[in-house]
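Peer 1: This is the structure I have questions about; it appears just below.
In the working numbering, the protein residues as written are 74 to 379.
So this is what it looks like as C-alpha cells:
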C-alpha cells in the first residue's frame with residue numbers, strides 16, 4: 074500500500090511540473106518583450122516573443138527534459154509494479170518486485186523535487202506576472218511543494234533507499250540495477266550513442282563508488298553514512314533519468330526515418346544531448362561530494378537555540 078501511495082505522490086509531482094511546463098511554453102510564445110540579441114542595440118528593432126531569447130529556451134528545455142524523463146521513469150515503474158503482481162513467470166515476477174522496491178523512493182523523491190523545480194522555473198519564465206494569482210503557475214508552485222513532504226518526506230525516502238533498499242537481499246536489488254544499466258549502455262554504444270552512453274556509464278560508476286563508500290562508513294559511523302542519504306538519492310535519481318533519456322533516444326532513432334512524427338522524435342534525440350550536457354554532471358559532482366568525508370554540519374554547537 075505504501076508503494077502505491079508513494080508512486081501516486083511522485084506522479085502528482087510530475088503532473089504539477091508537466092502542467093507548469095505547458096503553461097510556460099504557451100506563455101513564452103505569447104509574451105512579446107525585447108528584441109533579438111543580434112539587434113539589441115537597435116532601438117527600432119522589432120520586439121519578439123520571449124521564446125526567441127536563448128535563456129528562455131534554456132529554461133523551457135530544462136523543463137521539457139525533466140518532465141519527459143520523469144514521465145518515462147514513472148511509466149517504467151508502473152509497468153514493473155504490474156509485472157510484479159501479474160507476470161505468469163514467478164522469477165520474472167520476483168525480479169520486477171525487486172526493481173519496484175528499489176525505484177519507488179527515487180520516483181517519489183525525484184518527481185516531487187524536480188516537479189517543484191519545474192514549476193518554479195515556470196514562474197521565472199512568466200516574470201513578475203508569474204508571481205500573481207491572475208496566472209496559474211504560482212498555485213502550481215504552492216501545490217507542488219507539499220508533495221515532497223507527505224507520504225514520507227523526501228529525506229525519509231533517501232533513508233529508506235540507503236538504509237534499507239540497498240541492503241536488501243545482500244545488495245541484490247542494486248546489483249541487478251547495475252547489471253541491467255550496463256547492458257543498456259553496451260547496447261546503446263552499438264547504436265550510434267557512444268559518447269552519450271559513455272558519459273552515462275561514468276555516472277553509473279560514480280553512483281556505485283558512492284554506494285561502496287557509504288557502505289564502508291556504515292560499518293563504523295552510521296551518522297556519517299546517513300548524512301549522505303539525500304545526496305546519494307539525487308545522484309542515483311539523476312542517473313536513472315539519464316538512462317530514461319538514453320532509452321527514449323534509442324527508440325526515436327530507430328523510428329525517425331519511418332515515422333511522420335519527426336519533430337517529436339528529433340526532440341528525444343536533443344533531450345539526450347541536453348541531459349548529458351546539463352544534468353548528468355551533477356552525478357559525478359554529488360558522488361565526489363559524498364566521498365570527501367566532510368561532517369562539519371554534524372557539530373551540534375552550530376545549531377544551539379538562543
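Every residue, glycine too, gets a C-beta built ideally from N, C-alpha and C.
#1: In its own chain, which residues sit with a C-beta less than 7 Å from the C-beta of residue 275, not counting the 5 before and 5 after it?
#2: If I measure Cβ to Cβ from residue 76 and keep anything under 8 Å in the same chain, skipping five residues before and after, which residues do I get?
#3: Assuming the contact rule is C-beta atoms closer than 8 Å, residue 363 and residue 283 should be a hit. Round their C-beta distance to whole Å, please.
#4: In three-state DSSP terms, what is residue 273?
#5: Across the region 216-233 and the region 118-125, are there enough close Cβ pairs to call them in contact, namely three or more that are closer than 8 Å?
#6: Name, in chain order, the residues that DSSP records as bridge partners for residue 176.
#7: Below 8 Å on the Cβ atoms is my guess for residue 287 versus residue 298; work out the distance and round it to an integer in Å.
#8: Just how far apart, CA to CA, sit residue 243 and residue 269?
#9: Count the other C-beta atoms from every protein chain shown that fall within 10 angstroms of the C-beta of residue 84, then say buried if there are 16 or more, exposed otherwise.
#10: Between the Cα of residue 265 and those of 326, 236, 81, spot the shortest distance and give me the residue it belongs to.
#11: Tell me which same chain residues have a C-beta within less than 7 Å of the C-beta of residue 106, skipping the five on either side of it?
#12: Could you tell me the boundaries of the alpha helix (DSSP H) in which residue 127 lies?
#13: Could you check how far apart the C-beta atoms of residue 133 and residue 80 are, in whole angstroms? I think they sit under 8 Å.
#14: When you compare only the Cα positions, how much space is there between residue 240 and residue 301?
#15: Would you say residue 179 and residue 309 are within 8 Å of each other, going by their C-beta atoms?
#16: Hey, residue 306 and residue 230: beta-carbon distance below 8 Å or not?
#17: Give a yes or no on whether the C-beta atoms belonging to residue 313 and residue 223 are separated by under 8 Å.
#18: DSSP three-state call for residue 329: helix, strand or coil?
#19: Would you please state the rounded distance, in angstroms, between the beta carbons of residue 78 and residue 210? I believe it to be under 8 Å.
#20: Straight-line CA distance for residue 118 to residue 126?
#21: Quick one: using the 10 Å Cβ neighbour count with 16 as the cut-off for buried, is residue 304 buried or exposed?
#22: Buried or exposed: residue 377, going by 16 or more other Cβ atoms within 10 Å of its Cβ?
#23: For residue 109, name the three-state secondary structure that DSSP assigns.
#24: Count the other CB atoms within 10 Å of the CB of residue 407; is the residue buried (16 or more) or exposed (fewer)?
#25: Please list, in chain order, all residues of the same chain as residue 290 whose beta carbon is under 6 Å from its beta carbon, the five residues on each side excluded.
#26: Do you know how far the Cα of residue 235 is from the Cα of residue 294?
#27: State the CB to CB distance for the pair residue 188 and residue 86, rounded to an integer number of angstroms; the pair is presumed to be in contact (CB under 8 Å).
#28: By Cβ distance, which residues of its chain are closer than 8 Å to residue 373, with the 5 residues on each side in sequence left out?
#29: What three-state label does DSSP hand residue 209 in the structure shown?
#30: Could you tell me the boundaries of the alpha helix (DSSP H) in which residue 359 lies?
Peer 2: On the basis of the coordinates in this document:
#1: Along the chain shown, one-based indexing puts residue 275 at 202. Closer than 7 Å at the Cβ level, and outside the excluded window around residue 275, lie 357.
#2: Start at 1 with the first residue of the chain shown, and residue 76 comes out as number 3. Here the set comprises 154, 173, 174, 177.
#3: One-based indexing of the chain shown puts residue 363 at position 290. One-based indexing of the chain shown puts residue 283 at position 210. At roughly 5 Å, the Cβ-Cβ gap stays under 8 Å, so residue 363 and residue 283 are in contact.
#4: Here residue 273 corresponds to residue number 200 of the chain shown, with the count starting at 1. Helix at residue 273.
#5: no
#6: Residue mapping note: residue 176 aligns to position 103 of the chain shown, counting from 1. Beta-bridge pairing links residue 176 to no other residue.
#7: Translated into positions along the chain shown, residue 287 becomes position 214. Translated into positions along the chain shown, residue 298 becomes position 225. 5 Å between Cβ atoms; contact.
#8: Translated into the one-based positions of the chain shown, residue 243 becomes position 170. Translated into the one-based positions of the chain shown, residue 269 becomes position 196. Each residue's alpha carbon lies about 31 Å from the other.
#9: The residue labelled residue 84 in the question sits at position 11 within the chain shown. Under this definition residue 84 is a buried residue.
#10: In the chain shown, counting from the first residue as 1, residue 265 sits at position 192. Comparing Cα positions, the closest option is 326.
#11: Here residue 106 is taken as the residue at index 33 of the chain shown, counted from 1. Closer than 7 Å at the Cβ level, and outside the excluded window around residue 106, lie 120, 123.
#12: Working through the chain shown from its first residue, we reach residue 127 at position 54. 127-159 is the span of the alpha helix (DSSP H), which, as asked, contains residue 127.
#13: Reading the chain shown from its first residue, position 60 is the one you call residue 133. Reading the chain shown from its first residue, position 7 is the one you call residue 80. Residue 133 to residue 80, Cβ: 27 Å. No contact.
#14: Counting from 1 along the chain shown, the entry for residue 240 is found at position 167. Counting from 1 along the chain shown, the entry for residue 301 is found at position 228. Residue 240 and residue 301: Cα-Cα distance of roughly 15 Å.
#15: To locate residue 179, count along the chain shown from 1; it is residue 106. To locate residue 309, count along the chain shown from 1; it is residue 236. Yes.
#16: Residue mapping note: residue 306 aligns to position 233 of the chain shown, counting from 1. Residue mapping note: residue 230 aligns to position 157 of the chain shown, counting from 1. Yes, these two residues count as a Cβ contact at 8 Å.
#17: To locate residue 313, count along the chain shown from 1; it is residue 240. To locate residue 223, count along the chain shown from 1; it is residue 150. No, these two residues do not count as a Cβ contact at 8 Å.
#18: The residue you call residue 329 lines up with position 256 of the chain shown. In this structure, residue 329 counts as coil in the three-state DSSP scheme.
#19: Counted from its first residue, the chain shown places residue 78 at position 5. Counted from its first residue, the chain shown places residue 210 at position 137. Incorrect: roughly 27 Å between the Cβ atoms, too far for contact.
#20: Reading the chain shown from its first residue, position 45 is the one you call residue 118. Reading the chain shown from its first residue, position 53 is the one you call residue 126. The alpha-carbon atoms of residue 118 and residue 126 are separated by roughly 14 Å.
#21: For the purposes of this step, residue 304 is taken as the residue at position 231 of the chain shown. Burial call: buried.
#22: In the chain shown, the residue the question calls residue 377 occupies position 304. By the 10 Å Cβ count, residue 377 comes out exposed.
#23: Locating residue 109 in the chain shown gives position 36, where the first residue counts as 1. In this structure, residue 109 counts as coil in the three-state DSSP scheme.
#24: No information on residue 407 is available, as it lies outside the stretch 74 to 379 that the chain covers here.
#25: Mapped onto the chain shown, residue 290 falls at position 217. 297, 298.
#26: Taking the first residue of the chain shown as position 1, residue 294 is located at position 221. Taking the first residue of the chain shown as position 1, residue 235 is located at position 162. In a straight line, the C-alpha of residue 294 is about 14 Å away from that of residue 235.
#27: Against the chain shown, residue 188 aligns to sequence position 115. Against the chain shown, residue 86 aligns to sequence position 13. Sure, about 3 Å apart at Cβ, within 8 Å.
#28: The count along the chain shown starts at 1 and reaches residue 373 at position 300. Nothing listed; no residue qualifies.
#29: On the chain shown, residue 209 is found 136 positions in, with the first residue counted as 1. Coil.
#30: Within the chain shown, the letter at position 286 stands for residue 359. Looking at the DSSP string, the run of the alpha helix (DSSP H) that includes residue 359 is 354-363.
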